[in-house]
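Take a look at the structure below.
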Amino acid sequence: MKVHVLLKGYNFLFFGLLAVFIPFLPVYLGEQGLSTSEIGIIVGTGGFVTLIAQPLWGFVSDKTKTIRKVMLLLVGLTAISGYFLFNFDNFVLLIIFALLVYFFLMPLDPLTESLNFTVSEMARISYGSIRTYGALGYAILSLIAGFTMDYFGVSSLSILFVLLGLLSFGIVWFMPDVQASPKPVTIKGLKQVLRNKEMPLFLALVFISSVPARMNDTFLGIHIKALGGDTSLVGIAFFLAGGSEIIIFALSFWWLRKGKELEIITIATFFYFLRFFISGYVTNPVTLTVLQVLQMLTFPIFYTAAIQYLYNIMPKEWRATGQTVLALLFFGLSSIIASYAGGFLYKEFGGQSFYFIISAMSFIGVLFGILLTIRKHKING
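Here the sequence shown is numbered in my numbering, starting from 95 and rising by one per residue.
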């Protein structure tokens, strides 16, 4: 079987794992009696773990020049940790196993995206044609996880998580290995990346824009339940969000233009602002659920353009590490601030004010994106 076909199946399952973990961990912790501030502490600490784990495993992948073997190890340990996480209600054990899942699961994201780009270039197909299956997996498993929790209880997530992990392991096992990069890793290459004047500004834009996005991801499920919705509705919300991404990823070959990444990222950030601003006025859980279709104009556009921009400015031998840096900001460092601050804001000011605050944060990202775009055009003449 062709490697890109196997990779599509793996993307479906891996992002299904993310769908069970990221949106439903806060809901699961809430069902165990934890407050929003306590949930924020656990998720935020998970961000610290991600901050360490992603560059660590990215470095291992770059140095050993293998993605497959590293992924096999991480997928297996993720499945084991996740099984125990969703079977305990003790606060200390919840923290331990949640952090273990963060340590093993989250580094798989940049490795997977690096593999997606490498294989898409080798097979001469669009990145979006592979990543579409990830969006599909995220959407479908969000829906399944929500109904599973409602009908079989919260601990049933452990069986679903392990099943996805085992299937992912099986697919990666049969995939031929792909080197993270064909060129040798050099200190000189890393220094060239750090000397790039565009890199710090780009990373700042990603960070500013991703903090409110991560706040929404963490507390959306909790807010839907606070408005009177059930866990199934939470699943439907993330199903609509993930499902709406599919067409955007599938058509990325059409809308993604080289050299226009900053403009595209700024537009996506504007739709983040609009989405969160509208959410602040919504008091009906069903309406808030339907509103998640606006995800199609935010994350898939933002992240795909960001990856392409990063690949344009990074030396080829450091692409896997560069992808790790991007994921580190989007899912690690930003999650720390988003979780700690988000838990405090939600508890102190309530859901409505929470969404108005994160919409204002997104608007700051829009303004910064506009400034970077103007700067780019001035430099290019």
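Positions of the beta carbon are idealized from the N, C-alpha and C atoms, including for glycine. Please read these numbers as outputs of a predicted model, since none were measured by experiment.
| Can we say the region 110 to 124 touches the region 232 to 244, given the rule of at least three CB pairs closer than 8 Å? | yes
| message | Please report the distance separating the alpha-carbon of residue 105 from that of residue 451. | response | Here residue 105 refers to the residue found at position 11 when the sequence shown is read from its first residue. Here residue 451 refers to the residue found at position 357 when the sequence shown is read from its first residue. Distance between the alpha carbons of residue 105 and residue 451: 34 Å.
| Contacting residues, own chain, Cβ-Cβ under 6 Å from residue 258 (five flanking each side not counted) | As a working note, residue 258 is residue 164 in the sequence shown. Excluding residues within five positions, the ones whose Cβ falls inside 6 Å are 107, 110 and 111.
| task | Please confirm if the region 366 to 383 is in contact with the region 442 to 458, defined as three or more CB-CB distances below 8 Å between the two stretches. | result | yes
| query | Is residue 324 helix, strand or coil by DSSP? | reply | Walking along the sequence shown from the start, residue 324 turns up at place 230. Correct three-state label for residue 324: coil.
| field | Assigned secondary structure, residue 410 (DSSP; H/G/I helix, E/B strand, else coil) | value | Numbered from its first residue, the sequence shown carries residue 410 at position 316. Helix, per DSSP.
| request: Take the Cβ of residue 429 as the centre, count every other Cβ of all protein chains shown within 10 Å, and call the residue buried at 16 or more, exposed below. | output: One-based indexing of the sequence shown puts residue 429 at position 335. Counting Cβ neighbours within 10 Å, residue 429 comes out buried, since at least 16 surround it.
| Nearest neighbour of residue 336, chosen from 243, 427, 400 and 226 [CA to CA] | Against the sequence shown, residue 336 aligns to sequence position 242. Residue 226 is the option with its Cα nearest to residue 336.
| At a cut of 8 Å, does the region 436 to 448 reach the region 303 to 315 through at least three beta carbon pairs? | yes
| said: Considering only their Cβ atoms, is the gap separating residue 192 from residue 171 smaller than 8 Å? | reply: Taking the sequence shown and counting its residues from 1, one reaches residue 171 at position 77. Taking the sequence shown and counting its residues from 1, one reaches residue 192 at position 98. Contact flag unset, no.
| C-alpha gap between residue 195 and residue 119, whole angstroms | Here residue 195 refers to the residue found at position 101 when the sequence shown is read from its first residue. Here residue 119 refers to the residue found at position 25 when the sequence shown is read from its first residue. One C-alpha to the other measures close to 11 Å.
| message | Excluding the 5 residues flanking residue 103 on each side, which residues of the same chain have their C-beta closer than 6 Å to its C-beta? | response | Within the sequence shown, numbered from 1, the residue matching residue 103 stands at position 9. Excluding sequence neighbours, residue 103 sits near 265.
| How close, in whole Å, do the beta carbons of residue 100 and residue 164 come, if the pair is a contact with beta carbons under 8 Å? | Numbered from 1 along the sequence shown, position 6 holds the residue referred to as residue 100. Numbered from 1 along the sequence shown, position 70 holds the residue referred to as residue 164. With a Cβ gap of about 17 Å, residue 100 and residue 164 do not count as contacting.
| field | Three-way DSSP call (helix, strand, coil) for residue 279 in this model | value | One-based indexing of the sequence shown puts residue 279 at position 185. In this prediction, residue 279 has a pLDDT of 47, which is less than 50 and means its spatial position is unreliable; what the coordinates show is noted afterwards. It is coil, neither helix nor strand.
| message | Considering Cα atoms alone, identify which of 267, 420 and 395 is closest to residue 200. | response | One-based indexing of the sequence shown puts residue 200 at position 106. Of the candidates 267, 420 and 395, the one whose C-alpha sits nearest the C-alpha of residue 200 is 420.
| query | Can you tell me whether DSSP reads residue 180 as helix, strand or coil? | reply | For the purposes of this step, residue 180 is taken as residue 86 along the sequence shown, with counting starting at 1. The answer is coil: DSSP assigns residue 180 none of H, G, I, E or B.
| query | Taking Cβ to Cβ, would you say residue 467 is nearer than 8 Å to residue 383? | reply | As a working mapping, residue 467 is identified with position 373 in the sequence shown. As a working mapping, residue 383 is identified with position 289 in the sequence shown. Result no, Cβ atoms of residue 467 and residue 383 do not sit closer than 8 Å.
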